[in-house]
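The next block holds one structure in the form of structure tokens; read it before the comments.
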Amino acid sequence: LGKMGAAASAQAPLVANLLRDKNEGVRWTAVEALGKMGGAASAQAPLVAKLLQDKDEDVRRAARVTLLSLVNPSHQIVAAVLAAAEDNLANRADWLLLAHAAGGGDPSAEALLRWVGRKHEEIPSQLTVDDARSTLQAFNDFWPETKQYPTLRKNLAASIADVTLRARRQWELSDLDLLVHHERNLHEFHPKDADTVSAVVTSIDAWRAVRKIGWTLAAHACFWILLLFFYPRSPQVQAFFFWNPWVRRITGLGYVGLLLTWVPFLRRRVLAPFGRLLLAEVQLERFIATTYFEGSEVLLPSSGRREPLLRILPSLRGQVILEGASGLGKSMFLKYLLTHSKRLTVYLPAERCKDGVLDAIQAKLEGHAKDATFLRSLIYSGALDIYIDGLNEVTADTRARIVQFVESNFHGNILLTTQPIEWTAPATASRYVLQPLSDEQIARFLEGREPVLGEKAQLCGQAYLLACQRFVAEALSPEQPVELRQAHSEVLSNPMDLTVMAQMLSEERQPDLFHLRQQQYELMARDYREVHLDDFPLKAFSEEAYEMRCEDRGVIPEEKFGRELLRMEAAKMIVCQQWRSPDGKEQREWRFRHDKIQEFFIAQTFLGKDNRRASKHLKDSRFRGVYLLLALLLEPEQARALRDMLVEHAAETRDHSVSDDFVTLLKKRQGAENARGNRSRGVA
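When the letters of the sequence shown are read in order and numbered with my numbering, they come out as residues 443 to 1126.
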């Protein structure tokens, strides 16, 4: 049959049966016959491969030669040849050549030969992840074929561990299934090699978890970035995600609230919808920064020096107390700073702080922005500037709360304004005392009011400037009696009063320096009478102004005085503050333009014989301006009686903040009246 060659291939299975014969001569002859049949008997190659382990050398040699002639690539044959090579180290090169031929150039067989069939020093030292991946895949293909060859399987297991370890820092998540499959194969009989693969699998699992968490956090962050983009524009996003504490905490995973608190850009974004609310009462839209008089000066109590205010406080840094008499421009300076500030700011009338500064700020906010911890961190870190106006207009308890808040937030930027009063100022704040205008500054200030005169102004341009110059020249003329000129200078040095005078001059009215508030009221009342054919309800309105001061209310009730408010607004005695609340509703409040105007109406309730209110409020610093105004409004005899009462009170309490100024004003009034009387008699 062997001599018949390929023609006898049909008998190849019968000849292959003889490969199991006990007689080595029969086995040898059968192997030779199959070899002569060539490729036609290739199906019998696996049986021939088993003879590579035959106990007879001639049979083994014949099997090697026959396998080369069959030339049918097979993993099973390659595994058999390599197993024989492990047991015949003397002829190892020949066996490897046979295995190479048996593999027929198959990449998997070549990968197996590269690792299992070589000595350790012949294994490549450099290994890319692609090479490692293809090698492990080849090992996986051959693994089932090595079951009956323990030595070969042991070497293959070691090679699997070696390849896995060499590429341990290059494996990707897509390789995890292949590595896990090898780990399972090695687990039972090769635990040491299995542990090596397991360690790599664990590291990939950890990295997969990290990447998964990373992608999850990235997606979560993108989601919140998108929410922040729509946040200022969408009430739905504001209400559901940011203003609902449970939704914010759960969906924010803890870190969102932290970032919203400490990242400056995010802080500004969170407070963006409340920008107008935070500054609602200050009415910056009505303030023209270019008209602010930059010549104001302050006294530094620590050194006694006078310095330009804008040089000392170009911007708010730290804690500052700006003290000054009514009308010197404390609130105007505050507005000037707010206009030029690029930082997060909140403006609070002191009356809003009766329950605490933090509560007053929270009342303007919603959602995360309203969170007390969030606000405290903003304030303490100096990220939210706070302006509190009019400490002299609130009770001692409210001032104490404000002082406590300022001292506990000593890192914050906080500006307090007040008239001279007896109080314990925050130890952490610097104090500056605003000074009246000098004679040289008065004319410049009047001329600078032209842009804010309004529609009623009849004089403008050069005509207005000439009117201002004539008025100042006459009031401060050297020909005036000294007492009268000093009294005029005292009144003209007050920017608030000068602003009222500028309005009157533009309307071709002559200001009455000693009854300016009365004159302003009478002009408004005349306008009210012409429109409504009725007298202005001075008594009822004054009583309301008094109750507002007693109750620390700054808002005039529109339902009571709707008609009156419109005429007073036209006369620039009150302002209407309008804004949109977080829920989208339009809001508005009516407030006195200045505390001097409110004090004029409050003073009306102190007038009259046997009026006891003057003695009732001696200890209340909120009425300081009222008492000073009474020095000009009361009849001389009543004014002297009130003076004696104030002096006696000051002696008992050691608080001279009202009595000293009252005595000074009363003396100037008497001196001015005497000077005017003497001048009138001289003219006559």
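Glycine residues also receive a C-beta, built at the ideal position from the N, C-alpha and C atoms.
Predicted model only: the values in this text are computed from it and were never measured.
Close Cβ partners of residue i (< 7 angstroms) along its chain, the five nearest in sequence each way excluded
| i | result |
| --- | --- |
| residue 725 | 1017 and 1019 |
| residue 507 | 477 |
| residue 734 | 774 and 778 |
| residue 1135 | Here the chain covers residues 443 to 1126 and nothing more, so residue 1135 does not appear. |
| residue 1125 | In this predicted model, residue 1125 has a pLDDT of only 47, less than 50, meaning its place in the structure is not dependable; the value taken from the coordinates is given anyway. Counting only Cβ-Cβ distances below 7 angstroms, and skipping sequence neighbours, we find nothing. |
| residue 960 | none |
| residue 780 | 721, 724, 726, 787, 789 and 829 |
| residue 907 | 889 |
Terminal residues of the alpha helix (DSSP H) in which residue i lies
| i | result |
| --- | --- |
| residue 550 | 549-557 |
| residue 1095 | 1078-1095 |
| residue 734 | Residue 734 -> no alpha helix (DSSP H), and no H or E assigned at all. |
| residue 748 | Per DSSP, residue 748 belongs to no alpha helix (DSSP H); it is in the beta strand (DSSP E), 747-750. |
| residue 874 | Looking at the DSSP string, residue 874 is not in any alpha helix (DSSP H); the run it does join, the beta strand (DSSP E), is 872-876. |
| residue 763 | From DSSP, residue 763 is part of no alpha helix (DSSP H) but of the beta strand (DSSP E) over 761-765. |
| residue 916 | 904-917 |
| residue 717 | 717-720 |
| residue 973 | 958-974 |
Same chain, Cβ closer than 6 angstroms to residue i, neighbours up to 5 away in sequence not counted
| i | result |
| --- | --- |
| residue 1131 | Residue 1131 lies beyond the range of the chain shown here (443 to 1126); nothing can be said about it. |
| residue 554 | 580 and 584 |
| residue 591 | 525 |
| residue 496 | 502 |
| residue 752 | 736 |
| residue 1012 | none |
| residue 613 | 646 |
| residue 472 | 457, 460 and 461 |
Assumed close pair residue i, residue j - CB separation to whole angstroms, cut-off 8 angstroms
| i | j | result |
| --- | --- | --- |
| residue 875 | residue 765 | 5 angstroms |
| residue 958 | residue 939 | 6 angstroms |
| residue 1045 | residue 1075 | 6 angstroms |
| residue 1037 | residue 835 | 6 angstroms |
| residue 994 | residue 837 | 7 angstroms |
| residue 712 | residue 811 | 5 angstroms |
| residue 519 | residue 491 | 5 angstroms |
| residue 643 | residue 618 | 7 angstroms |
| residue 866 | residue 852 | Not quite, the Cβ-Cβ distance comes to about 16 angstroms (not below 8 angstroms), so this is no contact. |
Environment of residue i [buried if 16+ CB atoms lie within 10 Å]
| i | result |
| --- | --- |
| residue 861 | buried |
| residue 1114 | buried |
| residue 1106 | exposed |
| residue 723 | buried |
| residue 767 | buried |
| residue 666 | buried |
| residue 1083 | exposed |
| residue 1043 | buried |
| residue 706 | exposed |
| residue 639 | buried |
| residue 479 | buried |
| residue 694 | buried |
| residue 913 | buried |
Span of the beta strand (DSSP E), counted from its first residue to its last, around residue i
| i | result |
| --- | --- |
| residue 1018 | 1016-1022 |
| residue 1033 | 1028-1034 |
| residue 827 | 826-831 |
| residue 856 | 856-860 |
| residue 993 | Looking at the DSSP string, residue 993 is not in any beta strand (DSSP E), and its letter there is neither H nor E. |
| residue 791 | 786-791 |
| residue 741 | 739-742 |
Beta-carbon contacts of residue i that lie in its chain and below 8 angstroms, excluding the five residues immediately before and after
| i | result |
| --- | --- |
| residue 456 | none |
| residue 1040 | 987, 990, 991 and 1034 |
| residue 1056 | 1048, 1069, 1072, 1084 and 1087 |
| residue 1110 | 925, 928, 929 and 932 |
| residue 956 | 929, 933, 1074, 1111 and 1114 |
| residue 1162 | Because residue 1162 is not part of the residues shown, which for the chain are 443 to 1126, the question remains open. |
Checklist entry - Is there contact here, the stretch 720-737 with the stretch 893-900, by at least three beta-carbon pairs under 8 angstroms? => result yes
Next on the checklist: When you compare the stretch 929-941 with the stretch 907-918, are there three or more beta-carbon pairs, one atom per stretch, that lie closer than 8 angstroms?
Outcome noted: yes
Checklist entry - Does the pairing of the stretch 758-774 with the stretch 796-803 give three or more beta-carbon distances under 8 angstroms? => result no
Next on the checklist: Pairs of beta-carbons, one from the stretch 623-634 and one from the stretch 592-608, closer than 8 angstroms: are there three or more?
Outcome noted: yes
Next on the checklist: Under 8 angstroms, with one C-beta from each stretch per pair, do the stretch 1074-1093 and the stretch 840-849 reach the 3-pair mark?
Outcome noted: no
Next on the checklist: Across the stretch 1094-1108 and the stretch 980-988, are there enough close Cβ pairs to call them in contact, namely three or more that are closer than 8 angstroms?
Outcome noted: no
Next on the checklist: Does the stretch 829-836 come into contact with the stretch 786-794, if we say contact requires no fewer than three beta-carbon pairs (one atom in each stretch) closer than 8 angstroms?
Outcome noted: yes
Item to check | Cβ contact check for the stretch 867-883 and the stretch 734-741: 3 or more pairs under 8 angstroms | outcome: yes
Next on the checklist: I want to know whether the stretch 445-460 touches the stretch 480-489 - three or more CB-CB distances under 8 angstroms.
Outcome noted: yes
Checklist entry - Three or more beta-carbon pairs under 8 angstroms between the stretch 944-953 and the stretch 1056-1068, yes or no? => result no
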